[in-house]
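**Q**
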Amino acid sequence: MRNIVRFVCMLLLAGIVAVSCGKKTQPLSVNGEWSLVRVESKAATIGDQTVVVYLSFESGGNFELFQKLGEGRFRKFTGSWTLSGDQLSGRYSTGESWASSYTVSATDGELVLLSNSGGECDYYVKTTIPPDVREYAIF
């Protein structure tokens with residue numbers, strides 16, 4: 005009886021391996037332009053002010069970040085990013101590293117960044133950054 009159970013378990017395991025190895029997986033990509041749609045956080049909030057964020061990851065490893073807090077103007081941040089497996093990290097053009105690296109999951113239309121320093125999960129959707137955001141942003 006024990007041998008039969010072992011044999012069945014081995015067959016199931018072999019089937020799982022065969023199915024998972026047969027799938028063609030696309031490499032994870034964050035390239036493109038994104039708009040922040042939701043933030044889930046255990047950290048402190050920024051009062052009741054709305055935050056608007058646009059993010060552009062270029063295939064060459066550069067990024068542009070446009071961020072507006074409340075009724076203010078958009079601020080522009082630039083720098084470089086790297087993606088290793090599902091781990092995203094970056095450095096601003098000032099030389100300062102991002103406050104956190106992120107575990108990434110992405111589809112054609114959604115990008116999810118889970119902070120590795122705890123608690124925050126940012127949800128982005130694929131979009132085009134409006135030209136006036138780029139034109140009138142301050143550094």
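Under my numbering, the first residue of the sequence shown carries the number 5, and numbering increases by one thereafter.
Using N, Cα and C, we set each Cβ at its ideal position, and we do this for glycine too.
1) Among all the DSSP beta bridges, which residues are the ones paired with D126?
2) Beta-carbon within less than 6 Å of K80's beta-carbon, same chain only, minus the 5 sequence neighbours each way: which residues are those?
3) Which residue from S33, G89, T82 puts its Cα closest to that of S63?
4) Going by DSSP, which residues form a beta bridge with I142?
5) Leaving aside the five residues before and after L40 along the sequence, list all residues of the same chain whose C-beta is less than 8 Å from its C-beta, in chain order.
6) Would A103 be called buried (16 or more neighbouring beta carbons within 10 Å of its own) or exposed?
7) Which residues in the same chain as V9 place their Cβ atom closer than 8 Å to its Cβ, once the five residues preceding and following it in sequence are excluded?
8) Is it right to say G122 is buried, meaning 16 or more other beta carbons lie within 10 angstroms of its own, or is it exposed?
9) Can you grab the Cα-Cα spacing for the pair D112 / E68, in whole Å?
10) I'd like to confirm the pairing. Which residues does DSSP put opposite N66 in its beta bridges?
11) Can you tell me whether G94 is buried or exposed? The criterion is at least 16 other CB atoms within 10 Å of its CB, across all chains shown.
12) Given this structure, state the Cα-to-Cα distance separating V116 from V108, to the nearest angstrom.
**A** Well, looking at it:
1) V43, L117
2) Closer than 6 Å at the Cβ level, and outside the excluded window around K80, lie F70, A141, F143.
3) S33
4) R79
5) V55, V56, V57, Y58, L59, D126, Y127, Y128
6) Burial state of A103 is exposed, judged by a 10 Å Cβ sphere holding fewer than 16 other Cβ atoms.
7) Because the pLDDT at V9 is just 32, under 50, the model does not fix this residue reliably, and the point stays unresolved.
8) So G122 ends up on the exposed side.
9) Inter-residue distance for D112 and E68 is about 20 Å (C-alpha atoms, whole angstroms).
10) BP columns for N66 point to S84.
11) Here G94 is buried. Its C-beta has 16 or more other C-beta atoms within 10 Å.
12) 6 Å
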